[in-house]
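Residue numbers (the working numbering): 28 to 525.
For glycine and all other residues, C-beta sits at the position ideal for the given N, C-alpha and C.
To start, the structure itself, in structure tokens.
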């Protein structure tokens, strides 16, 4: 317990002194009239020398404290603004004895009159003060905040309490999510919630987290995607549905991946991947405008590392064409595992045994193309072998109507013309089940309940999945996913080291 109480006293000593003076350190019955930004606006409307009526009630955390004999100047903050308090002995009387016992980090409620000082600073001349929470631990140094990123992530409350910029940053995340939701609602989509615990973790290629349901003595999984339950809703008769929710993948931790992250998935009956491409552009452009700072000269110009990315235009090109340009030949004309494996070896792309031509093509794309796609690019038409839930391209059954949106060398959106043929879907699930039996832990499991649903009849549809955290990284200029999650997953530390 290390509050920066004045005079070298420890925080508990200060608290005891407050109690001796009849001042409690923790009070609950105080309701401010307004937030601090509204108080600043009220001061801005005052004429020089004019005061607001007495009785303005404000509250916030003390971030500065300067005692000057019979006066004390403090600053308090809330999540909207900062305001100066002026405590004067001739105004407060005996209650001024509390002033030396206050410190940075304390949360206070104050009543008084708003004014400007001679220097023009918005100020509340305090008539009454109530300590709402005495801080027993010191806030980080006020000018620099927390510097150690590990501490910032583990103790986000300190990061936020000491940095208005960080509070504004996470407000931008909230605006982005709100924009995504509003764009879909304006388009007539219905927001829904689907199960997090599932008996089959489907809808993606990933390792799930597994747990045990004691009441039914059965194993269940945390969902790895939202897809299959949302498609069931299309079967049920809804035309447009979406969900923004957490998904879980039992995989690694790095600057771009978390085992727990936020996805948006949306599905529209009687649409296809071209319809999803138009929707994707609207979602991202609207979110960029919503996230922009008020003084931003161009809301659609983003920075990722040392690269500028413009959202003013989006390109669209097939995966086959991208590879032809890079390899110097058409993979469509050399659709053979041995031929494509030679190209992989020539470019030091490592393959697994027994990979199909489509799998090798995708491996070449991920290694040679995706990291170098900087401007917003829809990569169209993926190999069937790596897309078990997408509809085949009418002109070439080796490929499916699927795109990924890549920006700055990273995938942000994955979308399909959804497969609604239950016979084809069963055949693909059986292929995936064989791969799973052969040791591919990420192959899609056989889901009989989902097959039964689409056998009832699922309309043709388009669907997309958008990584919300990655989009927030792009639109706020952050390089690590930990910087856009309020409470990122971190490696455990021994209790004795906390």
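Open item on the list: What would DSSP say about residue 423, mapped onto helix, strand or coil?
Closed with: strand
Task: Chain-order list of residues whose beta-carbon lies under 8 Å from that of residue 515 (same chain, five-residue window excluded) - done: 180, 285, 508, 509
- [ ] Would you mind sorting residue 513 into buried or exposed? The rule is 16 or more other CB atoms within 10 Å of its CB.
- [x] exposed
Task: Whole-angstrom distance between residue 468 and residue 239, CA atom to CA atom - done: 19 Å
Open item on the list: Suppose only complete runs of 4+ residues qualify. What are the alpha helix (DSSP H) ranges in the region 136 to 191, listed by chain order?
Closed with: 176 to 181, 183 to 189
Task: Residues sharing a beta bridge with residue 410, DSSP - done: 426
- [ ] Pull up the distance between the alpha-carbon of residue 29 and that of residue 477, whole angstroms please.
- [x] Note that residue 29 scores a pLDDT of 49, beneath 50, so its modelled location is shaky; the value from the coordinates is reported in the next line. Roughly 57 Å between the two C-alpha positions.
Task: Contact under 9 Å by Cβ, residue 288 with residue 249 - done: no
Task: Cβ-Cβ separation, residue 389 to residue 407 (assumed contact under 8 Å), whole Å - done: About 14 Å; that fails the 8 Å criterion.
TODO: Indicate the three-state DSSP secondary structure (helix, strand or coil) for residue 307 in the structure shown.
DONE: helix
- [ ] Verify whether the separation of the beta carbon atoms of residue 71 and residue 107 is less than 9 Å.
- [x] no
- [ ] Can you give me the Cβ contacts of residue 191 inside the same chain, cut-off strictly under 7 Å, excluding the 5 residues immediately before and after it?
- [x] 104
Task: Identity of the residue in 470, 439, 484, 438 nearest residue 450 by Cα - done: 484
Task: Cβ-based burial, residue 42 [other Cβ within 10 Å; buried from 16] - done: buried
Open item on the list: If you follow the beta strand (DSSP E) that residue 361 is in, where does it begin and where does it stop?
Closed with: Element bounds for residue 361: n/a, residue is neither H nor E.
Task: Closest by C-alpha distance to residue 482, when choosing among 416, 279, 148, 452 - done: 452
TODO: Would you please state the rounded distance, in angstroms, between the beta carbons of residue 159 and residue 293? I believe it to be under 8 Å.
DONE: Their Cβ separation, rounded to whole angstroms, is 43 Å, which puts residue 159 and residue 293 out of contact at 8 Å.
Open item on the list: Alpha carbons only, please: which of 386, 465, 440 is nearest the one belonging to residue 426?
Closed with: 386
Open item on the list: Run through the DSSP bridge pairs and tell me what residue 196 is partnered with.
Closed with: None, per the DSSP bridge assignment.
Task: Beta-bridge partners of residue 246, as assigned by DSSP - done: 239
Open item on the list: Along the chain, where does the beta strand (DSSP E) containing residue 289 start, and where does it finish?
Closed with: 287 to 296
Task: Candidates 421, 266, 415, of which the one nearest residue 454 by Cα - done: 415
Task: Same chain, Cβ closer than 7 Å to residue 215, neighbours up to 5 away in sequence not counted - done: 267
Task: Neighbour-count burial assignment, residue 441, 16 or more Cβ in a 10 Å radius - done: buried
Open item on the list: If you reduce the DSSP assignment to three classes, tell me which class residue 458 lands in.
Closed with: helix
Task: 9 Å Cβ cutoff met for residue 291 and residue 492 - done: yes
Open item on the list: Quick check on the burial criterion: 16 or more other C-beta atoms within 10 angstroms. Buried or exposed for residue 150?
Closed with: buried
Open item on the list: By the three-class DSSP mapping on this structure, what secondary structure does residue 511 have?
Closed with: coil
Open item on the list: For residue 273, list the residues DSSP reports as bridge partners.
Closed with: 289
Open item on the list: Can you confirm whether residue 457, when its beta carbon is compared against all beta carbons of chain B, has any partner nearer than 9 Å?
Closed with: Chain labels in this structure do not include chain B; a single protein chain is all it has.
Task: N-terminal and C-terminal residue of the beta strand (DSSP E) that residue 437 is part of - done: 437 to 444
- [ ] Could you spell out where the alpha helix (DSSP H) holding residue 256 opens and where it closes?
- [x] 254 to 262
- [ ] Would you kindly work out how many angstroms separate the C-alpha atoms of residue 68 and residue 74, rounded to a whole number?
- [x] 12 Å
- [ ] Mind checking which residues open and close the alpha helix (DSSP H) that includes residue 23?
- [x] A question about residue 23 goes unanswered here, because the residues of the chain that appear run from 28 up to 525.
Task: C-beta atoms of residue 298 and residue 132 nearer than 9 Å - done: no
TODO: Could you check the C-alpha separation between residue 220 and residue 144 for me, to the nearest Å?
DONE: 53 Å
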